[in-house]
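The opening residue of the sequence shown carries number 13 in our numbering; numbering runs sequentially from there.
Ideal Cβ placement from N, Cα and C applies to all residues, glycine included.
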Amino acid sequence: MNLDELLKEYAELETQLADPAVHADQSKARTLGKRYRHLTPIVGTYRELESVRDDLSAAKELASEDEAFATEAEELAARIPLLEEKLRHLLIPRDPNDDKDIIMEIKAGEGGEESALFAGDLLRMYLRYAERLGWKTEVIEAQHSDLGGYKDVTVGIRAKGDEGVWSRLKYEGGVHRVQRVPATESQGRIHTSAAGVLIYPEAEEVDVQIDPNDLRIDVYRSSGPGGQSVNTTDSAVRITHVPTGVVVSCQNEKSQLQNKESALRILRARLLAIAQEEADAAAQAERKSQVRTVDRSERIRTYNYPENRISDHRVGFKAYNLDQVLDGELNAVTQALIDAETAEKLAQHS
Numbered sequence: 013m014n015l016d017e018l019l020k021e022y023a024e025l026e027t028q029l030a031d032p033a034v035h036a037d038q039s040k041a042r043t044l045g046k047r048y049r050h051l052t053p054i055v056g057t058y059r060e061l062e063s064v065r066d067d068l069s070a071a072k073e074l075a076s077e078d079e080a081f082a083t084e085a086e087e088l089a090a091r092i093p094l095l096e097e098k099l100r101h102l103l104i105p106r107d108p109n110d111d112k113d114i115i116m117e118i119k120a121g122e123g124g125e126e127s128a129l130f131a132g133d134l135l136r137m138y139l140r141y142a143e144r145l146g147w148k149t150e151v152i153e154a155q156h157s158d159l160g161g162y163k164d165v166t167v168g169i170r171a172k173g174d175e176g177v178w179s180r181l182k183y184e185g186g187v188h189r190v191q192r193v194p195a196t197e198s199q200g201r202i203h204t205s206a207a208g209v210l211i212y213p214e215a216e217e218v219d220v221q222i223d224p225n226d227l228r229i230d231v232y233r234s235s236g237p238g239g240q241s242v243n244t245t246d247s248a249v250r251i252t253h254v255p256t257g258v259v260v261s262c263q264n265e266k267s268q269l270q271n272k273e274s275a276l277r278i279l280r281a282r283l284l285a286i287a288q289e290e291a292d293a294a295a296q297a298e299r300k301s302q303v304r305t306v307d308r309s310e311r312i313r314t315y316n317y318p319e320n321r322i323s324d325h326r327v328g329f330k331a332y333n334l335d336q337v338l339d340g341e342l343n344a345v346t347q348a349l350i351d352a353e354t355a356e357k358l359a360q361h362s
């Protein structure tokens, strides 16, 4: 969409949002309001740029009569390229999922119990990061390991403001590798293990329509570490989406109904991801690259404990504050990835 079309859309949104009838439908009003707020800085920067250009033209005309206008003209001329660059950044096509919340899955991979413990460390890192940003988190489903880690854990993360969680955490999908002396190692040797992270944009019911006839729902008793029964009723739920073969199991909640709702929430997110992959070959390639296998060689990032170093191999980011990152200070890492994507998009649209 070019600038003229965006300006036209902005004017139409202003008219719609001024209509009291629109606000009778709260869902529609929120959608329009969010789009309006996204376009506001674009329109504001464009209007400021046009104003500066007009002022520059006037200052140049008056400069021959008054030297003060010549100085003003120089100052105005210097502002124009800065505003043009700002507008260029604002016009970069947005990821349509940037405003969405996410569902994240963390899976232990190679390394046995050490990998499961590392999966727990990653979970804590993301929960602490979310806490720092004022996001709401919820562990939807978890399979604990014997030593207190996680074989598999699913968490929902929701933002409070307009900036969606996806816009900052979409880059976390992939294999994360850790180098450290495991708690299970008696000789003090450094081991390498890995855990996989999958990120899905959270799907609303309007995003994904699920036909109840396409679902096979099985119930069973919940189990804890070691397989022991932790519930005397059949409260755990397994849902199979027959057309795609996607299977989701939930047993964290005490009631069958709650587990079913949690399972459907995860299922919607997975089906939305599948639908988007099928519609966009580039997205399909990216999703496949997240976790082909949770193998040590398929890593996007390495966490080196002896050197207190974190390295993101996609953008060459490296820092020696691993302890702080694991405590939730992820902003420098995520910003490096955002900046790299922005630079790539600018190059594509230059």
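- Taking 7 Å as the cut-off, the beta carbon of Q268 is found no closer than this to the beta carbon of S234.
- Of I222, L181, E21, the smallest CA-CA separation from H50 is found for E21.
- For the options I251, P213, Q221, P224, the alpha carbon positioned closest to that of D230 is the one of I251.
- The stretch 127-143 and the stretch 156-166 touch, with three or more beta-carbon pairs separated by less than 8 Å.
- By the neighbour-count criterion, in which a residue is buried when 16 or more other Cβ atoms sit within 10 angstroms of its Cβ, E150 is exposed.
- In this structure, I202 and R192 form a Cβ contact; the two beta carbons are roughly 6 Å apart against a cut-off of 8 Å.
- Taking a cut-off of 8 Å for Cβ pairs, the stretch 166-181 and the stretch 112-119 touch, as three or more such pairs fall below it.
- Going by beta carbons, P255 and D219 fall outside the 7 Å limit.
- For D133, the three-state secondary structure derived from DSSP is helix.
- Each of Y232, A331, D78 was checked against the Cα of A348, and the nearest Cα belongs to A331.
- Between the beta-carbon of P53 and that of L102 there is about 6 Å, and that keeps the pair under the 8 Å contact cut.
- Within the same chain, and ignoring the five residues on either side of E319 in sequence, no residue has its Cβ closer than 6 Å to its Cβ.
- Just measuring C-alpha positions, the residue of R180, P105, G124 sitting nearest L342 is R180.
- Rounded to the nearest whole angstrom, the CA to CA distance from L284 to R42 is 21 Å.
- A36 carries a helical assignment under DSSP once its states are collapsed to helix, strand and coil.
- Here K72 carries a helix assignment [DSSP, helix/strand/coil].
- Look at I211 here: in three-state DSSP terms it is strand.
- As the crow flies, the alpha-carbon of V345 is around 28 Å from that of Q155.
- The alpha carbon of Q263 has as its nearest neighbour, out of N109, V165, G200, the alpha carbon of V165.
- If you draw a 10 Å sphere on the C-beta of N109, you find 16 or more other C-beta atoms in it, and that means buried.
- At a Cβ-Cβ threshold of 7 Å, K272 and V249 count as neighbours.
- Taking C-alpha positions only, D78 is separated from D66 by approximately 18 Å.
- Beta-bridge partners assigned by DSSP to V167: M116, V151.
- Straight through space, the alpha carbons of D351 and E197 are spaced by roughly 39 Å.
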